[in-house]
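If you want our numbering, it's the 1-based position in the sequence shown plus 390.
We put the CB at the ideal spot given by N, CA and C, even for glycine.
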Amino acid sequence: MKRLLGRWRDKRRRLTVLLAAGAIAVAGVTVALTGPASAATGCQVAYTIRTQWNTGFTADISITNLGDPISSWTLTWTWPGNQVIQPPGWNGTFSQSGANATGVNASWNGSIATNGTVSGAGFNASYSGSNPSPTQFSLNGTVCTGTVGSTTTTTGATTTTSGATTTTGATTTTGATTTTGATTTTGATTTTSGSTTTTTIPTGGHADNPFAGAKGYVNPDWSAKASADGGSAIANISTFVWLDRIAAVTGGSDVTMTLKNHLDAALAQMGSSSTPVEIGIVVYDLPNRDCAALASNGELRISNNGLSLYEHSYIDQIVSTIASNPAYSRLRIAAVIEPDSLPNLVTNLSIPDCAEANSSGAYVQGVQYAVNHLHQFSNVYQYVDIAHYAWLGWDSNFGPAVNIIGNVIKGTTAGVNSIDGFISDTANYSPVQEPFMTANQQVSGQPVRSAHFYSFNQYIDEQSYDTAMRQAFINAGFPSTIGMLIDTSRNGWGGANRPTGPSTSTDLTTFVNASRIDRRPHSGGWCNQNGSGIGARPTTSVPSGFDAWVWVKPPGESDGTSDSTATRFDAMCDPMAQNRYDNTVKTNALPGAPQAGQWFSAEFHMLLQNAFPALG
């Protein structure tokens, strides 16, 4: 097991406080309250801690109006501890002054009829030490004292119950129940008493390799585009979902499917089958994101509260979404963590945005926050980006990369056990393997890696680079169970120009250029590369030490616009510009490219044509 004993399964605790007839249910134990709870009936509040970690938690609020109909609501309470709300929350606006907290309805959920309920409102909050729950709420100035039966919440898994239930699968329990012990259960557990139902997320198992024995999720959005544009042969292949902005998680006018929609679709694709569905997501919205490439700059800025927004409006919302439905625990969620972020701290600190990301600690803190909070889910598998051989393969970059990336992960709560492995070639074009030569092969007394194209890089392909990286991380203290992924969505380099064997030339430059399947003029070309093709299909039939080949970058989505007048234009996407890493060659970018992430039909057709293995 990759997480070993380092998993904090006890962290996924759901704590529900139900203010009902002076009763409060906390972590499976019903505690009687006295004092203001005996005031006149007017309302009932269910306060649920959905997820909690060492510095914060996510809380849900449900309000039932037991009095006359109301057209708007304001909910108030006083924290008994040092909790601090992180505004604004969802399905309402939540704020705080001192220890006094306030929630105000959203524009669409202010009206509550007699005996009606508003649910789904909530917020993220921080705390330190203990996290006691509020014992009294007021709705529009009236203390909430509505009466329901005694209610108990089961947290995750149970071993023994007094009152009569052991939970396995979908279970409904009525009456008062006290739980002791802790084991692993599967399925959803629903505990019901009176008129209140609380659903908890059970703790599931953690596979050694999330891709093995699983069915890959087919993104309906991408599949429809591919099928409509001549790609029916690959339209049913699994691709990752890019959460490249807050709206991709929470919803927006330009978002056709949110994270929740994708998780629901993955469940639908799984159906009643016992074969799990693996759904890949890309966590990709750090402040000053991708600081060395203008084409993929993100929405958040470090100088404009970007780290806080990343943590609470982005990561916390991903966490809340995954925790929102117990059925999601049936899925295997493979998360690629922030492509290109930590590698930029190795090589690009001369660029102002990267220097700010480094000096502020935003990249390090952001990645650690994401890893810590996703690690609490046993069905989430995390792979941290390590760029590709043509970025970090040189000795001067390789060692520092292992140190920087390794130390960031070691600084998480669970340390080296918090991740499942690493991924390379995310959205890039470096081939898995150069089949007709090796890095140290001699040509007229010179090693292949000394050719201009490789410039003394120790590696000439992803497989050799990843193998070395994996061993370096193990040597640095990571468990030997870590697995590697390679994105093969666009590194096939097939078609008529693909070499069929090694060159017979004794000239090093001629030999290398005629033998390599990578047809780029420079290995640093990353934007819409001309001549590239669909690569190996996702598979777990891979060498030892690897978990899978995957398609992280959906084929057909642009890397960046070639329009020099457009927002987020990067010269590396201009086909007429010189490559910034080697001004003796051009960028090799395709013309007519739209903004990053948008559908690029001409590139898609080229990828299909140059697929290797060829498409049937």
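Within 9 angstroms, strictly: CB atoms of residue i and residue j
i           : j           : result
residue 507 : residue 432 : no
residue 609 : residue 681 : no
residue 771 : residue 730 : no
residue 699 : residue 716 : no
residue 788 : residue 863 : no
residue 628 : residue 607 : yes
residue 479 : residue 527 : no
residue 880 : residue 915 : no
residue 817 : residue 877 : yes
residue 518 : residue 466 : no
residue 998 : residue 439 : no
residue 981 : residue 952 : yes
residue 483 : residue 529 : no
residue 875 : residue 940 : yes
residue 645 : residue 669 : no
residue 377 : residue 434 : Residue 377 cannot be examined here, being either before or after the span of the chain that is shown, 391 to 1006.
residue 684 : residue 500 : no
residue 905 : residue 859 : no
residue 486 : residue 702 : no
Three-state class that DSSP yields for residue i in the structure shown
i            : result
residue 660  : helix
residue 875  : strand
residue 450  : strand
residue 420  : Note on residue 420: pLDDT 34, under 50, position unreliable in the model; no value is reported.
residue 486  : strand
residue 425  : Any reading at residue 425 must be qualified, since the residue scores a pLDDT of 35, below 50, and its modelled position is unreliable; the value itself is stated next. Three-state DSSP puts residue 425 in coil, outside helix and strand.
residue 1014 : Residue coverage of the chain in this structure runs from 391 to 1006, which leaves residue 1014 outside it and unanswerable.
residue 614  : helix
residue 722  : strand
residue 706  : helix
residue 553  : Model confidence at residue 553 stands at a pLDDT of 28, short of 50, so the residue's coordinates are unreliable; what they give is reported in the following sentence. Reduced to three states, the DSSP call for residue 553 is coil.
residue 742  : helix
residue 1004 : coil
residue 827  : coil
residue 971  : coil
residue 433  : strand
residue 711  : helix
residue 672  : strand
residue 544  : With a pLDDT of 29 at residue 544, under the threshold of 50, the modelled position of this residue cannot be trusted, and the question is left open.
residue 916  : coil
residue 581  : Any reading at residue 581 must be qualified, since the residue scores a pLDDT of 37, below 50, and its modelled position is unreliable; no value is offered.
residue 516  : strand
residue 733  : helix
residue 786  : helix
Given residue i as reference, the closest of the options once Cα atoms are compared
i           : options             : result
residue 473 : 515, 482, 438, 485  : 515
residue 769 : 720, 802, 873       : 720
residue 458 : 502, 479, 838       : 502
residue 511 : 633, 900, 707       : 707
residue 447 : 752, 871, 713, 818  : 713
residue 733 : 839, 781, 949, 724  : 781
residue 736 : 777, 723, 519, 724  : 777
residue 620 : 992, 878, 987       : 992
residue 851 : 823, 436, 481       : 823
residue 834 : 666, 902, 657, 595  : 902
residue 934 : 449, 743, 904, 872  : 872
residue 946 : 642, 701, 766, 611  : 611
residue 766 : 596, 436, 496, 1005 : 596
residue 614 : 626, 605, 604       : 626
residue 524 : 1005, 808, 493, 468 : 468
residue 494 : 819, 828, 481       : 481
Beta-carbon separation (whole angstroms), residue i vs residue j, contact threshold 8 angstroms
i           : j           : result
residue 636 : residue 675 : 7 angstroms
residue 705 : residue 763 : 6 angstroms
residue 979 : residue 917 : 5 angstroms
residue 839 : residue 848 : 7 angstroms
residue 462 : residue 509 : Incorrect: roughly 17 angstroms between the Cβ atoms, too far for contact.
residue 520 : residue 471 : 6 angstroms
residue 711 : residue 792 : Rounded, the Cβ-Cβ distance is 33 angstroms, inconsistent with contact.
residue 758 : residue 709 : Not quite, the Cβ-Cβ distance comes to about 14 angstroms (not below 8 angstroms), so this is no contact.
residue 671 : residue 725 : 5 angstroms
Do the stretch 970-980 and the stretch 598-607 make contact, defined as three or more Cβ pairs closer than 8 angstroms? no
Quick test of the definition: if touching needs 3 or more C-beta pairs under 8 angstroms, does the stretch 881-891 touch the stretch 905-925? yes
Sufficient close CB pairs (3 or more, under 8 angstroms) joining the stretch 855-866 to the stretch 887-906: no
Does the contact criterion of 3 or more C-beta pairs under 8 angstroms hold for the stretch 902-910 versus the stretch 836-843? yes
The stretch 947-966 touching the stretch 980-987, judged by at least three CB pairs closer than 8 angstroms: yes
Would the stretch 657-668 count as touching the stretch 681-698 if we require 3 or more Cβ pairs under 8 angstroms? no
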